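In the working numbering, the protein residues as written are 1 to 113. Heads up, the thing below is written out as structure tokens.
Here it is as structure tokens:
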């Protein structure tokens, strides 16, 4: 709305030729944006609260234990362990035991050796 008619006509001609068309103000803004380093914030990680039992189980998963072995160690039915594993995967929004193991390591859930 507030550009000069000569600039508008020149811009149309340049656009028809396939050239880029930018107002001087836009050019300055673009150069400034490129010069300034962009600081991208890392998205905040959602804190997931595992129950004490889920924490025990995820540690054992990360140690490579099977559901059967976990059940024996904790005195639970294997089906109960499966339910806990499913709950862990759902809470963490992951799909595999391997991802659960990685989560346990990355979030410091593993006992110190």
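Glycine included, C-beta positions come from ideal geometry on N, C-alpha and C. Bear in mind the structure is a predicted one, so any value in this text is a computation, not a measurement.
Query: Please report the straight-line C-alpha distance between residue 91 and residue 48, rounded to a whole angstrom.; Result: 7 Å
Query: In the DSSP assignment, the alpha helix (DSSP H) including residue 80 goes from what residue to what residue?; Result: 78 to 92
Query: Measure the beta-carbon distance from residue 88 to residue 58 and round it to whole angstroms, keeping in mind my assumption that it falls under 8 Å.; Result: 6 Å
Query: Would the beta-carbon of residue 56 fall within 8 Å of that of residue 74?; Result: yes
Query: Return the CA-CA distance between residue 80 and residue 51, expressed in angstroms with no decimal places.; Result: 14 Å
Query: Around the C-beta of residue 12, are 16 or more other C-beta atoms found within 10 angstroms, so that it is buried, or is it exposed?; Result: exposed
Query: Look at the Cβ atom of residue 78, then the Cβ atom of residue 68, and state whether they are nearer than 8 Å.; Result: yes
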